[in-house]
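Chains as they are written, first to last, in this note's numbering: chain A, 5 to 259; chain B, 5 to 259; chain C, 5 to 259; chain D, 5 to 259; chain E, 5 to 259; chain F, 5 to 259.
The beta carbon of each residue, even a glycine, is placed where N, CA and C say it ideally should be.
Protein chains: 6
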Amino acid sequence: MKLQLSTWQEVDAYLKRSKGVVVPLGSTEQHGPNGLIGTDALCATAIAEGMAERAGALVAPAITIGAAQFNLGFAGTISARSSTLIALIEDYVRSLARHGFERLYFVNGHGGNVAPAKAAFQDLYGEQSLAGGKTRLRLRIRSWWELPTVDRMRRELFGDWEGMHATPSEVAITQALYPALIAAGPAEPPRRLTPEFLRDHAGDNHYDAATHRRDFPDGRVGSHSALASAAHGARLLDAAIADAVVDYQALLEEK
Amino acid sequence: MKLQLSTWQEVDAYLKRSKGVVVPLGSTEQHGPNGLIGTDALCATAIAEGMAERAGALVAPAITIGAAQFNLGFAGTISARSSTLIALIEDYVRSLARHGFERLYFVNGHGGNVAPAKAAFQDLYGEQSLAGGKTRLRLRIRSWWELPTVDRMRRELFGDWEGMHATPSEVAITQALYPALIAAGPAEPPRRLTPEFLRDHAGDNHYDAATHRRDFPDGRVGSHSALASAAHGARLLDAAIADAVVDYQALLEEK
Amino acid sequence: MKLQLSTWQEVDAYLKRSKGVVVPLGSTEQHGPNGLIGTDALCATAIAEGMAERAGALVAPAITIGAAQFNLGFAGTISARSSTLIALIEDYVRSLARHGFERLYFVNGHGGNVAPAKAAFQDLYGEQSLAGGKTRLRLRIRSWWELPTVDRMRRELFGDWEGMHATPSEVAITQALYPALIAAGPAEPPRRLTPEFLRDHAGDNHYDAATHRRDFPDGRVGSHSALASAAHGARLLDAAIADAVVDYQALLEEK
Amino acid sequence: MKLQLSTWQEVDAYLKRSKGVVVPLGSTEQHGPNGLIGTDALCATAIAEGMAERAGALVAPAITIGAAQFNLGFAGTISARSSTLIALIEDYVRSLARHGFERLYFVNGHGGNVAPAKAAFQDLYGEQSLAGGKTRLRLRIRSWWELPTVDRMRRELFGDWEGMHATPSEVAITQALYPALIAAGPAEPPRRLTPEFLRDHAGDNHYDAATHRRDFPDGRVGSHSALASAAHGARLLDAAIADAVVDYQALLEEK
Amino acid sequence: MKLQLSTWQEVDAYLKRSKGVVVPLGSTEQHGPNGLIGTDALCATAIAEGMAERAGALVAPAITIGAAQFNLGFAGTISARSSTLIALIEDYVRSLARHGFERLYFVNGHGGNVAPAKAAFQDLYGEQSLAGGKTRLRLRIRSWWELPTVDRMRRELFGDWEGMHATPSEVAITQALYPALIAAGPAEPPRRLTPEFLRDHAGDNHYDAATHRRDFPDGRVGSHSALASAAHGARLLDAAIADAVVDYQALLEEK
Amino acid sequence: MKLQLSTWQEVDAYLKRSKGVVVPLGSTEQHGPNGLIGTDALCATAIAEGMAERAGALVAPAITIGAAQFNLGFAGTISARSSTLIALIEDYVRSLARHGFERLYFVNGHGGNVAPAKAAFQDLYGEQSLAGGKTRLRLRIRSWWELPTVDRMRRELFGDWEGMHATPSEVAITQALYPALIAAGPAEPPRRLTPEFLRDHAGDNHYDAATHRRDFPDGRVGSHSALASAAHGARLLDAAIADAVVDYQALLEEK
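Rendered as structure tokens:
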């Protein structure tokens, strides 16, 4: 069930049977020589909609702009400041909690969103903590690539060439979604990076945009995007949805 | 051309031929007994994508959460504070200007967004104005229903029953987009409202959510949504795109 | 009754008979070759004080600094950021509501204030809307030139030469107030502007200060200030007060 | 010269002969049983306008709302948060500096404004300090009662009964300005307070509004307002203007 | 009792016997040719810990970064914006009040902190004042040099050479604490400054960093740091603790 | 070299040989039945000071208040909002960068600080990224327990009983620092928690304070604090310093 394609009465009815809602979190940023700028939102939305189909979850509209300042050296990237993203997440949470939603599950497609989202969650809980009472509100952010089956699968499929950005995994999922749109990636692999380098220069650790482009001139961060295929993408997407459903159910059942 | 479905190199190429970009602005809020919660974003996005087709414009991802606190009395509404929306628009503008975009055209689908958007625009220009130089940046927000042909057409089609929210016009456009999704609206028209009442209680003049629901119990604000039809919607959408293209071209050509 | 010239006991007594208060909103900005920098506050204050005389309303001190970044290219202009103006309006509203005021009527003299004021109103209501209860608080901003009799009168008196800024209407009102202070405006009319141009470059649609000065080199925006006279001003002021009193009474009586 | 009653060309001309400007700072708050709610702004404005007459200074519009939360227990008080006042002062300073003003002299009429004003000044300088350059901008806030002649005079006239709020000095100045408006204060002196108590509960040290009203039930803070007279007020006003002119000239001449 | 070296159960037990807590406020900034960058926090902490010993007070961790933008021209200075310091103080107060603390005594070692601290206090009380109830919360900031015995003593010991920054008093206290660390100051006294100059250029009145360094090239502000000695410091410290204990007890006993 | 115990000239000299500085990040929060409230700052500071000894690094004053809202249910916890912590880190970075520092290494002692710190870093870089240039500024946060040798050691020493908060590792380090201060922890181990539970309810994933206390009634989060000893602490501290020195040197050498 998609919030945007529902009426308010349908949401009223939904709330009688569930207090959960899924919010996709994306980013609008370069994804290497052949990846789409909207990759992160596309992946997160596809997983969330899969959760809607399999688990009857309600899906809120995606947050499509993430914290991506390091990619501003590549045309088309739109980056939200942390404070903007925190404020927007707060508005989602406060609005949805107003209607009685108690479990918000953020399916995340962009590593740079984790820090702002967690900061937002802590500040939202903090208001309650200062006021002194207890809340049934539970907020969870889960990046799809850390879901256990997905994590194993992408290691098996791509090994070290999975890398950290414009990964074959995420490109593959968008290929599964938009097979006609994605060009073949460059056959040439990117510069091979050490795990230590990746730890400190990727995920949610980045420097400024000019330095980032110097270090990763075509936008790939240790990832060999050309290894992606629509078939791989379909498998990854299916695994992500299955894992996320389990995770979401657990959140719904928490005391 | 959709930003989310492009690569960064494609955006680089686009910038060689145009400095313009279109941003749809929507809202996630009740739209009466049969309108979709996502109506505002759906309409704005459809018009923006029509502009992409006819005028080759680049379309950025929609801002789907608007300033809609007055609808929080209806389940499913998600409202952004003005400050959040201002911050998000600033991030769009600063990011896009970083790449060389000079003309940002916001196609707006929600009356409540006008005030925050204009506040954001003035503050963005204000930084430049204090610094002292001149900028080629031009920001415009245009609500699709005020485009001249559309405005005439909706008056002709629905007269006073157009009303102000969950209007037959916007419901009609979503019917044209998702014919299977929209139920027939209630045959019963809403309470008839004076123009003065509409002026001060609708558009971007609203009170709190509980009062709003008291005044408009099923979410329609003087609008007889059931007058909508997919055929009307197709005509309105076509007119909106045509008018918006003209308006956008004028913005591109401004000195 | 002027708040600034009252004691707290007098305000206590006033609150026993009325929950209404009038707040003039102005701006401190250039008003063309012969208009006063304080024009907007002077007009709004004069109307508010007229309301005090005729309807017994309490008048709060004017907000004299408005959102006027586009006029920073002219010496003497002081511009508030939107966020400042929003915060200040919030402080007025929260303070006055603390004492039991329920109806705040903002008489506005500056187009650029409308967006920040409406953003402030929505955020103030929004706190209530998230909390869930209902409020008797009603906030209205009315720009004096849109009051019906005034609007007709200025069209009759000045036609298209009314323009959008440093208008003969507002200059006339200040002439009625300070006949000795206003020089004769330049006999030369300003560049004639199309309605479309005015719509997108005036009111609350402006670009940066340097561009604004380029477009309107002596500060007049399509307005032929020299058509103003103290006699016209007196009539306009009288009409504005009469209309505003009606509007204010309606606000007081709203449920 | 009053900014609000000038044209932009007159300000241009003024800037050729001076880089200084005076800003009155007031507050809108109870001033005891017979003092006016606007007392602080009225006093500061009268002094500033005296400076204009005697020293040719330009006077900007007063900031009439101060930080006065402790007086919210008395009807009519409007209090600005510190952050609002800081933002507003920043907007004044940045706007005026944009035109070439280098010396801003804030004549202050309210003790509670000192902390926010100094916080604003430091943050404005701080931007420059981080950027690294030097600025000719000099900001000074001076509360009129601490000017040396005034301070001596009020001690001589009223001794300990000067107190800290709704002082006979400030009431006297408003009597000099509006002789017909001020009622005789209560013959009964207020509770006598120790200097230590005054130090920690007045000036810019206050608790919440309910506690403040408990401690000072009629709004006088150790001050015997009834000792005021228009004659005293005229002398105090004259001394304040004379002292302030000297102080302002020194600020203009600073390197 | 030091909060940082206690367990939560020990704090629970403390709250059964006292609702008071002491917070040292410092700054991290140059202190002249031989003073330590941490002087302000070191002095405030030593006094607070003395209060803990003599009066059984609980000492919270020091706020070591103050508002010190004017010293950014000297290496090692770290300055907090006013807004940061205000926010941090708010977090201290709200957290401690959550546990039942009612009296917070801020021992201050840096003049520049007074304005932000008072602004924070007023905004904290202001929330209560708008809500309408009364609070037992009492916040006091006391700069150690204004405590009566200390103030007399430093005048006696150093006369005018006490100056305003990198004073012999504060250097002496750090010498008493860290005798081995402090070099002998320059025998040469600093430029002698008039009281008027000190009033407007020191304490909490400063210009930008480059101007500050121009005016005070070695960091001393009218103070002859070399007059300091560990013996003086021990006496000053002892007096400060004694005075502060009296002041703190009075705060605890306030109604 | 400790910043607080240095003079500005010594910092000038340091900057000639190094552009690096170490900032300890702590928290002020309950650490179980026998752990100290200041544990996180004590550990981070001890490691940073060890780095100063072994690698000649300059140590800035610790940030002792972290984001710890979930522990507000235990007396003595002081929690900073994310926005406060972000602002404070920005002030550290901007001030230190002003002096020429290029490499800031934050030694972190509290999991809840990671998200705000990373959000701050991205926003600081983001300003540069929008401006377009490149910066030599490099910011790194490293939680001491994730340093490779430390991580292995604590697993070996305590296995699963390391848990997530009030861990035997951190208690052990404080024992090594303050052997007399730490009581023996309860012999009774805490409730055993699954890795999945720890992942979603600890580190930087927490709910509100009341729920947190319900789930972890004595403050231990899966950690058997009584396994700590001063000897273990000394080994862990030594390993942490050694690892951190290597990491810091690498940061200094980055291009």
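- The shortest CA-to-CA distance from E:Leu197 to any of E:Trp165, E:Gln179 and E:Glu150 is the one to E:Trp165.
- The alpha-carbon separation between E:Gly130 and D:Ala213 amounts to approximately 8 Å.
- When Cβ pairs closer than 8 Å are counted between the two stretches, the region 90-105 of chain C is seen not to touch the region 146-153 of chain B, the count staying below three.
- For E:Leu108, the uninterrupted beta strand (DSSP E) run begins and ends at Arg107 to Asn112, by DSSP.
- In this chain, the alpha helix (DSSP H) harbouring D:Gly237 covers Ala234 to Glu257.
- Assignment of F:Leu161 by DSSP, reduced to helix, strand and coil, places it in the helix class.
- Ranked by Cα distance from E:Ala170, the options E:Lys23, E:Asn75 and E:Met55 are led by E:Asn75.
- Taking C-alpha positions only, E:Ala235 is separated from E:Tyr109 by approximately 27 Å.
- Counting C-beta pairs with one atom in each stretch, the region 173-191 of chain A and the region 12-32 of chain B have fewer than three that are closer than 8 Å, which means they do not touch.
- Around the C-beta of A:Arg217, 16 or more other C-beta atoms lie within 10 Å, and the residue is accordingly described as buried.
- For E:Phe78, a Cβ of chain F is located within less than 8 Å of the residue's own Cβ.
- Assignment of F:Leu143 by DSSP, reduced to helix, strand and coil, places it in the strand class.
- Here DSSP, grouped into helix, strand and coil, assigns C:Pro28 to strand.
- Cα atoms of F:Leu202 and F:Ala230: separation of roughly 19 Å, rounded to the nearest angstrom.
- Interface with chain E (8 Å Cβ-Cβ cutoff): D:Ala48 is excluded.
- D:Ser83 belongs to the set of residues whose beta carbon lies under 8 Å from a beta carbon in chain E.
- The DSSP-derived three-state label of F:Gly54 is helix.
- Between the beta-carbon of A:Ala52 and that of A:Gly116 there is about 19 Å, and that puts the pair past the 8 Å contact cut.
- Setting aside the 5 residues that flank it on each side, A:Ile245 is surrounded in the same chain by Ile51, Gly54, Met55 and Arg58, each with a C-beta closer than 7 Å to its C-beta; the list follows chain order.
- For F:Gly130, the enclosing alpha helix (DSSP H) begins and ends at Val118 to Ala135.
- Of F:Val25, F:Asp222, F:Gln73 and F:Ile177, the smallest CA-CA separation from E:Gly80 is found for F:Val25.
- Contact between A:Pro65 and B:Thr43 does not hold, since the beta-carbon distance rounds to 12 Å and is not under 8 Å.
- Excluding sequence positions up to five before and after B:Leu89, its CB lies within less than 6 Å of the CB of Ala71 and Pro120, all in the same chain and listed in chain order.
- Between B:Ser233 and B:Ala176, the C-beta gap is smaller than 8 Å, which places the two residues in contact.
- Burial of B:Ala206 is indicated by the presence of at least 16 other C-beta atoms within 10 angstroms of its C-beta.
- At the C-beta level, B:Arg224 and B:Gly167 come within 8 Å of one another.
- If you look at F:Ala180, you'll find it in the alpha helix (DSSP H) that goes Pro172 to Leu181.
- The beta carbon of D:Gln73 sits closer than 7 Å to the beta carbons of Ser83 and Ala213 from its chain, once the five residues preceding and following it are set aside; these are given in chain order.
- Note on geometry: alpha-carbon atoms of A:Leu143 and A:Val111 lie some 11 Å from one another.
- Under the Cβ distance rule, C:Arg21 does not count among the residues neighbouring chain B, no pair being separated by less than 8 Å.
- By alpha-carbon distance to D:Trp148, the top candidate from D:Ala48, D:Asp95, D:Lys138 and D:Ala135 is D:Ala48.
- The bridge partners DSSP lists for E:Leu62 are E:Val25.
- The C-beta separation of B:His114 from B:Leu29 comes to about 7 Å, placing the pair in contact by the 8 Å criterion.
- Per DSSP, reduced to three states, the secondary structure at B:Lys138 is coil, with no helix or strand assignment.
- Interface annotation, C:His210: in contact with chain B, CB-CB separation under 8 Å.
- Going by C-alpha positions, D:Leu161 is about 50 Å away from F:Ser87.
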